[in-house]
Amino acid sequence: MLFTFELDRRIAAAGLTDRVIVVAAHPGITSSDIAPKLLATYLPSWMLGVIVKLADMLHIMQATERGALPSIFAATDASVKSGDFFGPDGFLEIRGKGPAKAKSSAASHSQHDGDALWTMSEDLANCTFNVT
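According to my numbering, the stretch in the sequence shown is residues -3 to 128, in order.
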């Protein structure tokens, strides 16, 4: 989110907001292979199995199709504005029936940290990100 908000600031500073918007979205927790593969690097396999079964029993995870809704909304809805961030509309944004504006931390809006991340990203990519 830090990079997204920095890009939004740079688009605005370049006077491009009439042609470009910057938005972000997250899927919540979906029943894909991503979380189990990530957790597998930290947990024993038996514990991972218990966690996945428990999450399934408690309906914590949502279908991947439902997890795609915030991204689809962000990319297609006419009401979306530059700087918006979307996720599931349910409890803690982990699942929901549809997309809603998501919350981001105050730290993700830091201009100082955003500029530092931008510079670091340019250095690591060995190129300059021109916003003109």
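Each residue gets a CB set at the ideal place from its N, CA and C atoms; glycine is no exception. Keep in mind that this is a model prediction, so the values were computed, not measured.
Alpha-carbon to alpha-carbon, residue j and residue i
i	j	result
THR124	PRO40	42 Å
GLY86	ASP52	17 Å
LEU120	MET(-3)	18 Å
ASP73	SER67	10 Å
PRO32	SER75	35 Å
GLU89	ALA71	19 Å
GLY45	GLY92	24 Å
VAL16	ASP111	20 Å
Start and end residues, beta strand (DSSP E) containing residue i
i	result
PRO84	81 to 84
Own chain residues within Cβ distance below 7 Å of residue i, not counting five before or after
i	result
GLY94	LEU65, ASP85
VAL18	THR0, LEU3, ASP4, ILE7, SER78, GLY79
GLY24	GLN58, GLY63, GLY83, PRO84, GLU89, ILE90, ARG91, GLY92
Residues bridged to residue i (per DSSP)
i	result
PRO95	PRO84
THR26	GLN58
ALA21	PHE82
Start and end residues, alpha helix (DSSP H) containing residue i
i	result
ALA121	107 to 121
Counted within 10 angstroms of its Cβ, other Cβ atoms place residue i as buried (16 or more) or exposed
i	result
GLN58	buried
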